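Asker: Sharing a structure below in structure tokens format, with a few things to ask.
Number of protein chains: 2
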Amino acid sequence: MTAEVKKSRGRPRVFDMDDALEKALRVFWKRGYEGASIAELTEALGINKPSLYAAFGNKEELFKKALTRYALGPVAFVSDVVNESTARKVAESFLEKAAEALTSPKNPKGCMIVQGALSCGEEAESVRNMLIMCRNGYEDLLAQRFEKAKAEGDLPDSVIARDLAKYLAILHQGMSVQATSGSSKQELLDISKLALNAWPN
Amino acid sequence: MTAEVKKSRGRPRVFDMDDALEKALRVFWKRGYEGASIAELTEALGINKPSLYAAFGNKEELFKKALTRYALGPVAFVSDVVNESTARKVAESFLEKAAEALTSPKNPKGCMIVQGALSCGEEAESVRNMLIMCRNGYEDLLAQRFEKAKAEGDLPDSVIARDLAKYLAILHQGMSVQATSGSSKQELLDISKLALNAWPN
DNA sequence: ATATTTAAATACCAATCGGTACATAAATGT
DNA sequence: ACATTTATGTACCGATTGGTATTTAAATAT
């Protein structure tokens, strides 16, 4: 049995909401929240404005939905890497996956959570704050993982888990900027290797 | 003798161009290029639109002038630190000055060259490219300094100067994002210290 | 068949965007 | 005194912004 039960009442939607959201995600990813106009979005989705508003609410809600999709897709690796067996491997894996994701030729360069609304007008402040929470969120995830590593004796007691997490977050965010400046995956991998020389024993 | 010779012909300008440019800089610094509207700029400068256009050309030219001022002011430290006596001291000084500049309570958080137009609409692409060139510019400056250090025997031949420069650039750019996410100067200094553990002997 | 439900397409909205025409005010040159 | 030059303030420009009202089309329920 295919799961799709389509006994919907009225006129059927002519576009696929999942496809549309993916397309919207890529516009926001490339342009940022402010830089993505409704006109560019509707053109990319191949639908008219009223359809977009009916399906997704408004621009901010569309962005939120795209962001959720982004978190579950292109940056899902963040929640994966904390399952690595050692703190060192978490860091290595995190940076490697980041270098890959930030420079993939299939996608816009850089990270949507970093670049989506770093500086913006007043009307985009709520989106900016959303992204700040996202960034702090994955940093916290890493910090918790490194706390665990300390408890397990995988990391010395002397290290500060939060510092390691923030170090990785800074590297990721800096690499995101670099990716939009033209750095290649290999360059980012080289710097990742260099950066890991700072890792505690 | 005060240098000001004011035998200007027509009606005198009622505002100080230097003050105005400083105010414009701070608006762009906080809001980014797209996020700063002409309305917000004229309000901050305390002048009317025609005065702004007469004095500075248009929005993009005003941004360029503000950017030049920014480069000569808040981020002049980049050209200073390369005069440190050793590569290690260059790196230490660079990161310390960056942490200070990015979190100063007197200024908007973060770096205008990093955040001014990371993601943007099509009409701001030229500004985006300007900022990319700025970022690559100071990275090049550091790379040259580290090449010199290698030639002097201050750094081992095995290190790649460009990698060290890019590492510092990534740290700076990541720290800029962190500053806008709420990180304090002390936090950034702590991470800087940690990051320097990766420095070659 | 017909009523009901939902989506599509067109056309429109006020507000804001960056940018200017134009008349007036304030200075200097002759 | 008067022409010239430059800046100011008001009022305006077309284009674009995010967002809707309204009509029409396409499906199901009865």
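Sequence order for the protein chains is A and B. Here the first sequence is numbered in my numbering, starting from 1 and rising by one per residue. Here the second sequence is numbered in my numbering, starting from 1001 and rising by one per residue. For every residue, glycine included, the Cβ atom is placed at its ideal position computed from N, Cα and C. Here the structure is a predicted model, which means the values were calculated and not measured.
Measure the C-alpha to C-alpha separation of glutamine 1115 (chain B) and glycine 137 (chain A) and round it to an integer number of angstroms.
Answerer: Distance between the alpha carbons of glutamine 1115 (chain B) and glycine 137 (chain A): 21 Å.
Asker: Using three-state DSSP, classify valine 14 (chain A) as helix, strand or coil.
Answerer: Residue state, collapsed to three classes: coil.
Asker: Does chain A have any CB closer than 8 Å to the CB of lysine 1150 (chain B)?
Answerer: No, its Cβ sits nowhere closer than 8 Å to a Cβ of chain A.
Asker: Buried or exposed: where does alanine 1054 (chain B) fall if 16 or more other Cβ atoms within 10 Å of its Cβ makes it buried?
Answerer: Answer is exposed; the Cβ neighbour count stays below 16.
Asker: Quick check on aspartate 1016 (chain B) - is its C-beta less than 8 Å from some C-beta in chain A?
Answerer: Closer than 8 Å: no.
Asker: Using a Cβ-Cβ cut-off of 8 Å, state whether tyrosine 167 (chain A) counts as contacting chain B.
Answerer: Yes, because at least one Cβ of chain B sits closer than 8 Å to the Cβ of tyrosine 167 (chain A).
Asker: State the CB to CB distance for the pair threonine 180 (chain A) and glycine 73 (chain A), rounded to an integer number of angstroms; the pair is presumed to be in contact (CB under 8 Å).
Answerer: Their Cβ separation, rounded to whole angstroms, is 19 Å, which puts threonine 180 (chain A) and glycine 73 (chain A) out of contact at 8 Å.
Asker: How is leucine 171 (chain A) classed by DSSP in three states: helix, strand or coil?
Answerer: Leucine 171 (chain A): helix per DSSP, three-state reduction.
Asker: So that I know if they touch, is there some Cβ in chain B lying closer than 8 Å to that of alanine 99 (chain A)?
Answerer: Chain B, which has no Cβ nearer than 8 Å to the Cβ of alanine 99 (chain A), makes this no.
Asker: Looking at the structure shown, is isoleucine 1047 (chain B) part of a helix, part of a strand, or coil, going by DSSP?
Answerer: Looking at isoleucine 1047 (chain B) - three-state DSSP - the assignment turns out to be coil, as it is neither helix nor strand.
Asker: Please state the DSSP three-state secondary structure of glycine 1073 (chain B).
Answerer: If DSSP states are grouped into helix, strand and coil, glycine 1073 (chain B) belongs with coil.
Asker: Within 10 Å of its beta-carbon, does arginine 1013 (chain B) have 16 or more other beta-carbons around it, so buried, or fewer, so exposed?
Answerer: So arginine 1013 (chain B) ends up on the exposed side.
Asker: One question on the structure: do leucine 1245 (chain B) and valine 1075 (chain B) come within less than 8 Å of each other, judged by their Cβ atoms?
Answerer: Because chain B is modelled from 1001 through 1201, residue 1245 (chain B) falls outside the range shown and cannot be assessed.
Asker: Given a cut-off of 8 Å, decide if leucine 1188 (chain B) and leucine 1118 (chain B) are closer than it, judged by their beta-carbon atoms.
Answerer: Contact flag unset, no.
Asker: Taking 8 Å as the threshold (C-beta atoms), are arginine 88 (chain A) and leucine 25 (chain A) in contact?
Answerer: Contact: no.
Asker: Residues in the stretch 167–186 of chain A with C-beta within 9 Å of chain B's C-beta atoms, listed in sequence order?
Answerer: So the close ones are Tyr167, Ala169, Ile170, Leu171, His172, Gln173, Gly174, Met175, Ser176, Val177, Gln178, Thr180, Ser181, Gly182 and Ser183.
Asker: Does any C-beta atom of chain B lie closer than 8 Å to the C-beta of alanine 124 (chain A)?
Answerer: Interface residue, yes.
Asker: So, isoleucine 1038 (chain B) versus lysine 1023 (chain B), is the Cβ gap smaller than 8 Å?
Answerer: Not a contact, by the Cβ cut-off of 8 Å.
Asker: Is it buried or exposed, lysine 1106 (chain B), if we count other Cβ atoms within 10 angstroms and call 16 or more buried?
Answerer: Under this definition lysine 1106 (chain B) is an exposed residue.
Asker: Thinking C-beta only, is lysine 30 (chain A) closer than 8 Å to glutamate 100 (chain A)?
Answerer: Taking 8 Å as the Cβ cut-off, glutamate 100 (chain A) and lysine 30 (chain A) do not qualify as a contacting pair.
Asker: Check the Cβ of leucine 1194 (chain B) against every Cβ in chain A and list those closer than 7 Å, keeping chain order.
Answerer: Within chain A, the residues near leucine 1194 (chain B) are Asp163, Tyr167 and Ala198.
Asker: Is the CB-CB distance between aspartate 157 (chain A) and threonine 86 (chain A) below 8 Å?
Answerer: Going by C-beta atoms, aspartate 157 (chain A) is not nearer than 8 Å to threonine 86 (chain A).
Asker: So isoleucine 1191 (chain B) contacts chain A; which residues on that side make the cut at Cβ distance below 8 Å?
Answerer: Under the 8 Å cutoff, chain A gives Asp163, Lys166, Tyr167 and Ile170.
Asker: To the nearest whole angstrom, what separates the beta carbons of glutamate 1034 (chain B) and glycine 35 (chain A), a pair I think is in contact under 8 Å?
Answerer: The pair is a contact, with the Cβ atoms about 6 Å apart (cut-off 8 Å).
Asker: Roughly how many angstroms lie between the CA atoms of valine 127 (chain A) and alanine 20 (chain A), to the nearest whole one?
Answerer: Whole-angstrom Cα-Cα distance: 21 Å.
Asker: With distances taken between CB atoms, is the gap from leucine 194 (chain A) to alanine 1198 (chain B) smaller than 8 Å?
Answerer: Contact: yes.
Asker: Using the C-alpha atoms, what's the distance from leucine 1171 (chain B) back to aspartate 1080 (chain B)?
Answerer: Each residue's Cα considered, the two are about 18 Å apart.
Asker: Any Cβ of chain A within less than 8 Å of the Cβ of glutamate 1034 (chain B)?
Answerer: So yes, glutamate 1034 (chain B) belongs to the interface.
Asker: Which residue wins for smallest C-alpha separation from phenylalanine 1028 (chain B), given the options A:Gly121, A:Val177 and A:Lys64?
Answerer: With distances taken between Cα atoms, phenylalanine 1028 (chain B) lies closest to A:Gly121.
Asker: For glutamate 123 (chain A), does the three-state DSSP call read helix, strand or coil?
Answerer: Looking at glutamate 123 (chain A) - three-state DSSP - the assignment turns out to be helix.
Asker: Give me, in chain order, the residues of the same chain whose beta-carbon lies closer than 8 Å to that of valine 159 (chain A); leave out the 5 immediate sequence neighbours on both sides.
Answerer: Once the five neighbours on either side are set aside, the close Cβ partners of valine 159 (chain A) are Phe146, Lys150 and Pro200.
Asker: What are the boundary residues of the alpha helix (DSSP H) that includes serine 93 (chain A)?
Answerer: 87–103 is the span of the alpha helix (DSSP H), which, as asked, contains serine 93 (chain A).
Asker: Quick check on asparagine 136 (chain A) - is its C-beta less than 8 Å from some C-beta in chain B?
Answerer: Taking Cβ atoms only, chain B reaches closer than 8 Å to asparagine 136 (chain A), which makes this a yes.
Asker: Under the three-state reduction of DSSP, which class applies to isoleucine 132 (chain A): helix, strand or coil?
Answerer: Here isoleucine 132 (chain A) sits in helix by DSSP.
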